[in-house]
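The letter at position 21 of the sequence shown is residue 21 when you use the working numbering, and the numbering goes up by one with no holes. The beta-carbon is built from N, C-alpha and C at its ideal position, and this holds for glycine as well. One structure is given here, and the rest of the page talks about it.
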Amino acid sequence: MPPANAFVISRSFRLPGLGLLVLPVSPVPPWLASADLHTAWPLCLQRPGQPPLPLTATVEEIAPADGLPTRALLLEADLGGLLLPGAWLLPEPN
């Protein structure tokens with residue numbers, strides 16, 4: 001089960017030439033809500049049944065046509081496919 005401050009992934013989209021954009025389950029964690037756009041974050045990806053994976057992502061914001069803008073993360077890693085919902089990301093400790 002993810003901790004309270006986790007970015008829990010609801011869905012992901014491959015953006016050719018850019019990386020993997022992941023959208024959170026609401027609410028967005030405070031560390032992401034307060035971050036400046038395009039800030040690079042060292043994160044740790046947690047997936048059920050797999051070891052933690054350190055990676056880097058940038059903070060992005062998307063505005064769907066039918067909703068309010070929301071924060072997202074653009075992963076700078078080739079994970080070999082889309083991430084399943086239920087995986088989560090945590091900031092790496094400083």
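Problem - Simplified DSSP state of P30, which is helix, strand or coil - result: helix
Practice task
List the DSSP bridge partners of R71.
Solution key: E61
Handout entry: Option nearest H38 by Cα separation, candidates L15, P93, V59, M1
Key = V59
Problem - Given L79 as reference, the closest of E92, L90, L53 once Cα atoms are compared - result: L53
Problem - DSSP-derived helix/strand/coil call for L23 - result: strand
Practice task
Would you kindly work out how many angstroms separate the C-alpha atoms of A40 and I9, rounded to a whole number?
Solution key: 18 Å
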